[in-house]
Structures are given as C-alpha cells and as structure tokens.
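*Asks:* Mind looking over this structure? Questions follow.
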Amino acid sequence: MIDNLINQLDRICKNAEEEISSAASLVQLSELHTKFLGRKGLVAQLMSEMRNLSQEEKPKLGQKANIVKNDISKILVKKEDELQANEDAEKIQSDKIDVSLPGTQQKAGGIHPLTQTINEIIDIFVQLGFTVEEGKEIEDEWHTFDALNIPKSHPARDVQDTFFVKSSPEIDVSENQTVLRTHTSPVQIRVMQNSVPPLKFIAPGRVYRNETIDASHYSMFHQVEGLYVNENVTFAELKGTLLAWAHAYYGPDVDLRFRPSYFPFTEPSAEVDVTCTMCGGKGCSVCKQTGWVEILGAGMVHPNVFKSVGYDPEKITGFAFGMGPERIAMLKHRINDIRLLYENDTRFLKQFV
Ligand SMILES: [Zn+2]
Numbered sequence: 000m001i002d003n004l005i006n007q008l009d010r011i012c013k014n015a016e017e018e019i020s021s022a023a024s025l026v027q028l029s030e031l032h033t034k035f036l037g038r039k040g041l042v043a044q045l046m047s048e049m050r051n052l053s054q055e056e057k058p059k060l061g062q063k064a065n066i067v068k069n070d071i072s073k074i075l076v077k078k079e080d081e082l083q084a085n086e087d088a089e090k091i092q093s094d095k096i097d098v099s100l101p102g103t104q105q106k107a108g109g110i111h112p113l114t115q116t117i118n119e120i121i122d123i124f125v126q127l128g129f130t131v132e133e134g135k136e137i138e139d140e141w142h143t144f145d146a147l148n149i150p151k152s153h154p155a156r157d158v159q160d161t162f163f164v165k166s167s168p169e170i171d172v173s174e175n176q177t178v179l180r181t182h183t184s185p186v187q188i189r190v191m192q193n194s195v196p197p198l199k200f201i202a203p204g205r206v207y208r209n210e211t212i213d214a215s216h217y218s219m220f221h222q223v224e225g226l227y228v229n230e231n232v233t234f235a236e237l238k239g240t241l242l243a244w245a246h247a248y249y250g251p252d253v254d255l256r257f258r259p260s261y262f263p264f265t266e267p268s269a270e271v272d273v274t275c276t277m278c279g280g281k282g283c284s285v286c287k288q289t290g291w292v293e294i295l296g297a298g299m300v301h302p303n304v305f306k307s308v309g310y311d312p313e314k315i316t317g318f319a320f321g322m323g324p325e326r327i328a329m330l331k332h333r334i335n336d337i338r339l340l341y342e343n344d345t346r347f348l349k350q351f352v
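Counting in numbering that gives the first Met the number 0, the sequence shown runs from 0 upward without gaps.
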C-alpha cells in the first residue's frame, strides 16, 4: 500500500511539473497551486490515506509528501518569477512611446482672404500716419446722406438701393429714417462732429446695398474710407498719399491714373485706376485690354460737408478716398465671383491659409 501511495505522489509531482511549465499566466499558476498544494488539493487528498497505514509506514509517506510539496513549491516559485518577468516586459513594451512615429497633425485655422486684404490695406495707411476709426452699421439718413451733400432726390436714397430699417410703402422723405449704411462715409461725419482738425484717419467696415446678388454684386460688402482734414490740404497730397499706398501694396512699378468723376461729397472728384498687375499695363482680359483697373474713388472734401459738421470751409480743406477690399482681393487673387468670399466653402478658403 505504501509503495502505491508513494508512486501516486511521484505521479502527482510529475503532473504538477508538466502543468506548471505550460501555465501561461499568473492566474493559471494560482489555480495550479490550489489544485496541487491547496487544503483540498491532490497532495492533501492523498495524505488522507495515511490513516490506513501502519505506524512505521506513516513517517515514510509523510517524508515523501514533504519532499513532493517542496518540489512543487519550488517549481511554482520559479514559474511565477518567469511569468512575472514576462508580464513586466509586456507592460514596458506597451507603455513605450515611439518618438519616431508621426504625430497627429493639428488643423490650423486661417485668416479669411478678405480680412487679410483689409488688414494689409490698414497696415500701410497706419504707416502713413493714419489712425483707424469705426462707426455704426445702422445709421440715420442724415449722417449717411444729408451731411454728405447727397440731396433728398438722389437715386442712392431710393429703396431700390438702400435698406431702410423700418420700411413702409411710402417713406416720408422729410423724416430722418434709419438705414443700413450704404458707405463708410458717415464715420467721417461723426468723427468730424466730435473733433477739431487736423484729422487723418481711415474707416474700414461693412456697408449694405439693396443689390441683386450676382458674380460681381453682393448686398453686403466692405469699404476702407480715408479722410485727411487740415488747413491748405491740396490735391497733390491726395495723389501722393494714394501713390505711396499703391507702391507699398502693389510694388514700386505701378502707377495711378486719375479720371475726373462726380461724387456729391467731393469736389473735384476722381476715379482712380492702378496699373493692371496681371499684365503690367500691356493689356489683358482682367483689365479688358486697357492696362488699368479701377480700385478707388477720391476727391477734395466738398465745402457743404464741412458746413454740415460746423467747420469753416474758408479755412478748412481736406481730401477723402474710398476703396473696395472685395475688388482689390478679387483682382489680387484672380477670384472671379464675389459670392466665394461669403459662402465659407472651406475648399476655397484653405487656399489662403
Ligand atoms: Zn491687364
């Protein structure tokens, strides 16, 4: 009987060795510990047979059992060290940061091409000594038209051209209606009303016209208006200022051409063309073969404008100009449809980032 039990212990030991060596995880190893050495494990179960042995045989089985338990324990400890080391290595491997892997690219925003153009225009005028003023987009008729020498009968004041904030079928022309400003010129009036000359500023901002929207017209667009008011201001200073701006914006090779024109708020008035930068003035489709593109309007401030703000036109003189950043941006970037500037199509806008 004792020999049989000892043989069984040897088998248990051999099985334990095999199973432990093929254990794949610490959890599995813990299960094997319970299976072989636990309180109800295989060794313990076999030891319960001891009560059937004689007094001489008992110690022999006891000794053998101790050896087997020791052996299994040693194998378990060895395997545990091995599995623990593997687990640690895997953890280190999985935590490792590979600095050579490409990073996740952050998408950068960009400044809208129109804002870029306005900022470039402003920067140059600031360098020429102009300050920047802003005004209201919702204005009254007096500041938008009357103070700027635009008579009540002028077609610009028609509902076909101007957005009246409270529109009624019959607008009372004697009333000072509220409108969306049709140009940035009311800023001139408000600044002059609150200051004394000399004044030298630009007024960039949005303006609104009741236009039918197409490739070259929109119901909202921008203007950059400029005003210089002082004693003895001359038309030569206006030309010099605009030429200095054009050289800074387009480069030293461009020239300006002043064509006589009419605006109610300036006298004399001029429409101003710049050398076509596409063809260098030789003539192309952009400039309709003329070599020139119109970019702004300008003139000497009309005496009636000075009177409306309480300045003495006998003493005070000045020049004013206004340009359209949309047109300047479209010419610069060869954009053929003004609507692209407002539709926020990222495929279009990304080209300017
Ligand atoms: Zn051209």
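A virtual CB, placed ideally from N, CA and C, is assigned to each residue, including glycine.
Please read all numbers here as calculations on a predicted model, not as lab measurements.
Okay, do the region 101 to 115 and the region 36 to 46 touch, 3+ Cβ pairs below 8 Å being the bar?
*Replies:* No contact exists between the region 101 to 115 and the region 36 to 46.
*Asks:* Is leucine 100 buried or exposed, if buried means 16 or more other CB atoms sit within 10 Å of its CB?
*Replies:* As a first step, residue 100 is located in the sequence shown; it is residue number 101 there, counting from the start. Leucine 100 comes out exposed.
*Asks:* Compute every distance between the C-beta of methionine 329 and the non-hydrogen atoms of ligand 1, then say whether any falls below 7 Å.
*Replies:* Counting from one through the sequence shown, the residue named residue 329 turns up at place 330. Not so, every heavy atom of ligand 1 lies at least 7 Å from the Cβ.
*Asks:* If you check the beta carbons only, do leucine 255 and valine 232 fall under 8 Å apart?
*Replies:* Within the sequence shown, the letter at position 256 stands for residue 255. Within the sequence shown, the letter at position 233 stands for residue 232. It is not a contact, given that the beta carbons lie outside the stated cut-off.
*Asks:* Does the distance between the C-beta of glycine 250 and the nearest non-hydrogen atom of ligand 1 fall short of 7 Å?
*Replies:* Numbered from its first residue, the sequence shown carries residue 250 at position 251. Checking the Cβ of glycine 250 against ligand 1 gives no.
*Asks:* Could you check if valine 273 belongs to the surroundings of ligand 1, using beta carbon to heavy atom distance under 7 Å?
*Replies:* Counted from its first residue, the sequence shown places residue 273 at position 274. No - ligand 1 has no heavy atom lying nearer than 7 Å to the Cβ of valine 273.
*Asks:* What residue does the beta strand (DSSP E) around lysine 199 start on, and which one ends it?
*Replies:* Residue mapping note: residue 199 aligns to position 200 of the sequence shown, counting from 1. Unbroken beta strand (DSSP E) run through lysine 199: 198 to 207.
*Asks:* Considering only the beta carbon of each residue, do isoleucine 74 and alanine 23 sit closer than 8 Å?
*Replies:* Within the sequence shown, numbered from 1, the residue matching residue 74 stands at position 75. Within the sequence shown, numbered from 1, the residue matching residue 23 stands at position 24. Cβ atoms of isoleucine 74 and alanine 23: not closer than 8 Å.
*Asks:* Let me confirm a value: glutamine 83 is counted as buried when at least 16 other C-beta atoms fall within 10 Å, else exposed. Which label applies?
*Replies:* Residue mapping note: residue 83 aligns to position 84 of the sequence shown, counting from 1. Answer is exposed; the Cβ neighbour count stays below 16.
*Asks:* Give me the DSSP bridge partner(s) of tryptophan 291.
*Replies:* Numbered from 1 along the sequence shown, position 292 holds the residue referred to as residue 291. Paired residues: Thr274.
*Asks:* Could you name the residues of the same chain whose beta carbon sits closer than 8 Å to that of isoleucine 5, not counting the 5 residues immediately before and after it, in chain order?
*Replies:* For the purposes of this step, residue 5 is taken as the residue at position 6 of the sequence shown. If we look at isoleucine 5 and ignore the five residues flanking it on each side, its Cβ neighbours are Lys59, Leu60 and Lys63.
*Asks:* Any heavy atom of ligand 1 closer than 7 Å to the CB of methionine 219?
*Replies:* Numbered from 1 along the sequence shown, position 220 holds the residue referred to as residue 219. No, Cβ of methionine 219 sits at least 7 Å from all heavy atoms of ligand 1.
*Asks:* Once you ignore the five residues that flank histidine 32 on each side, which residues in its own chain have a CB closer than 7 Å to its CB?
*Replies:* Sequence index remark: in the sequence shown, residue 32 carries index 33 (1-based). Excluding sequence neighbours, histidine 32 sits near Leu75.
*Asks:* Cβ-heavy atom distance between methionine 191 and ligand 1 below 7 Å?
*Replies:* In the sequence shown, the residue the question calls residue 191 occupies position 192. Methionine 191 Cβ: outside cutoff for every heavy atom of ligand 1.
*Asks:* Measuring from the CB of glycine 321, is there a heavy atom of ligand 1 at a distance below 7 Å?
*Replies:* To locate residue 321, count along the sequence shown from 1; it is residue 322. No, ligand 1 has no heavy atom inside 7 Å of this Cβ.
*Asks:* Report the partner residues of asparagine 229 according to the DSSP bridge assignment.
*Replies:* For this step, residue 229 is matched to residue 230 along the sequence shown. According to DSSP, asparagine 229 bridges with Thr316.
*Asks:* DSSP puts glutamate 224 in a beta bridge; with which residues?
*Replies:* In the sequence shown, residue 224 corresponds to position 225, counting from 1. Paired residues: Ala202 and Gly321.
*Asks:* Find the nearest neighbour of phenylalanine 402 within the set Val292, Lys331, Ile334 and Ala319, judged by alpha-carbon distance.
*Replies:* Here the chain comprises residues numbered 0 to 352, so residue 402 is not present and cannot be evaluated.
*Asks:* Is the CB-CB distance between glutamate 325 and phenylalanine 162 below 8 Å?
*Replies:* Looking up residue 325 in the sequence shown gives position 326. Looking up residue 162 in the sequence shown gives position 163. It is not a contact, given that the beta carbons lie outside the stated cut-off.
*Asks:* Once you ignore the five residues that flank glutamine 350 on each side, which residues in its own chain have a CB closer than 7 Å to its CB?
*Replies:* Taking the first residue of the sequence shown as 1, we reach residue 350 at position 351. Excluding sequence neighbours, glutamine 350 sits near nothing in its chain.
*Asks:* In terms of alpha-carbon separation, which member of Lys287, Leu237, Thr289 and Glu293 lies closest to threonine 316?
*Replies:* For the purposes of this step, residue 316 is identified with residue 317 of the sequence shown, where counting begins at 1. Out of Lys287, Leu237, Thr289 and Glu293, Leu237 has the C-alpha closest to the C-alpha of threonine 316.
*Asks:* Alanine 235 to glycine 321, Cα distance in whole Å?
*Replies:* Your numbering for residue 235 matches position 236 in the sequence shown. Your numbering for residue 321 matches position 322 in the sequence shown. Approximately 17 Å between the Cα atoms of the pair.
*Asks:* For leucine 36 versus isoleucine 71, is the C-beta distance shorter than 8 Å?
*Replies:* The count along the sequence shown starts at 1 and reaches residue 36 at position 37. The count along the sequence shown starts at 1 and reaches residue 71 at position 72. In contact: leucine 36 and isoleucine 71 (Cβ atoms closer than 8 Å).
*Asks:* Does the beta-carbon of asparagine 85 have 16 or more other beta-carbons within 10 angstroms, so that it is buried, or is it exposed?
*Replies:* One-based indexing of the sequence shown puts residue 85 at position 86. The residue in question, asparagine 85, is exposed, as its Cβ has fewer than 16 Cβ neighbours within 10 Å.
*Asks:* May I have the straight-line CA-CA distance separating methionine 0 from serine 21, to the nearest angstrom?
*Replies:* Taking the sequence shown and counting its residues from 1, the one referred to as residue 0 is at position 1. Taking the sequence shown and counting its residues from 1, the one referred to as residue 21 is at position 22. In a straight line, the C-alpha of methionine 0 is about 32 Å away from that of serine 21.
*Asks:* Give me the residue from Ala247, Gly108, Gln159 and Ala269 with the minimum Cα distance to glutamate 293.
*Replies:* Walking along the sequence shown from the start, residue 293 turns up at place 294. Comparing Cα-Cα distances from glutamate 293 to each of Ala247, Gly108, Gln159 and Ala269, the minimum goes to Ala269.
*Asks:* Give the straight-line distance between the Cα atoms of isoleucine 334 and valine 285, rounded to the nearest whole angstrom.
*Replies:* By 1-based counting over the sequence shown, the position of residue 334 is 335. By 1-based counting over the sequence shown, the position of residue 285 is 286. When rounded, the distance between both Cα atoms is 11 Å.
*Asks:* Kindly indicate which three-state DSSP category leucine 127 falls into: helix, strand or coil?
*Replies:* Here residue 127 is taken as the residue at index 128 of the sequence shown, counted from 1. In this structure, leucine 127 counts as coil in the three-state DSSP scheme.
*Asks:* Between which two residues does the beta strand (DSSP E) harbouring tyrosine 261 extend?
*Replies:* As a working mapping, residue 261 is identified with position 262 in the sequence shown. Here the beta strand (DSSP E) through tyrosine 261 covers 255 to 262.
*Asks:* Report the residue ranges of all alpha helix (DSSP H) runs contained in full by the region 87 to 134; include only those spanning at least 4 residues, in chain order.
*Replies:* Within the region 87 to 134, the complete alpha helix (DSSP H) runs of at least 4 residues are 112 to 126.
*Asks:* Tell me, to the nearest whole angstrom, how far the beta carbon of proline 263 is from that of isoleucine 149; I am working on the premise that it is less than 8 Å.
*Replies:* Start at 1 with the first residue of the sequence shown, and residue 263 comes out as number 264. Start at 1 with the first residue of the sequence shown, and residue 149 comes out as number 150. Between isoleucine 149 and proline 263 the Cβ distance is about 5 Å, and since that is below 8 Å, they are a contact.
*Asks:* Bridge partners for serine 21 per DSSP, in chain order?
*Replies:* Walking along the sequence shown from the start, residue 21 turns up at place 22. None; serine 21 has no bridge partner.
*Asks:* Give the C-beta separation of glutamate 210 and glutamine 187 to the nearest angstrom, bearing in mind that I take them to be a contact with Cβ-Cβ under 8 Å.
*Replies:* Numbered from its first residue, the sequence shown carries residue 210 at position 211. Numbered from its first residue, the sequence shown carries residue 187 at position 188. Between glutamine 187 and glutamate 210 the Cβ distance is about 23 Å, and since that is not below 8 Å, they are no contact.
*Asks:* Please return the same chain residues whose Cβ sits closer than 6 Å to the Cβ of phenylalanine 144, not counting the five positions on each side in sequence.
*Replies:* On the sequence shown, position 145 is the one that residue 144 refers to. Once the five neighbours on either side are set aside, the close Cβ partners of phenylalanine 144 are Arg156.
*Asks:* Which residues does DSSP pair with alanine 269 in a beta bridge?
*Replies:* Within the sequence shown, residue 269 is the residue found at index 270, counting from 1. Its beta-bridge partners are Pro259 and Ala297.
*Asks:* Pick from Ile91, Arg189, Pro154 and Glu119: whose alpha carbon is nearest that of glycine 134?
*Replies:* Within the sequence shown, residue 134 is the residue found at index 135, counting from 1. Here the closest residue by C-alpha is Arg189.
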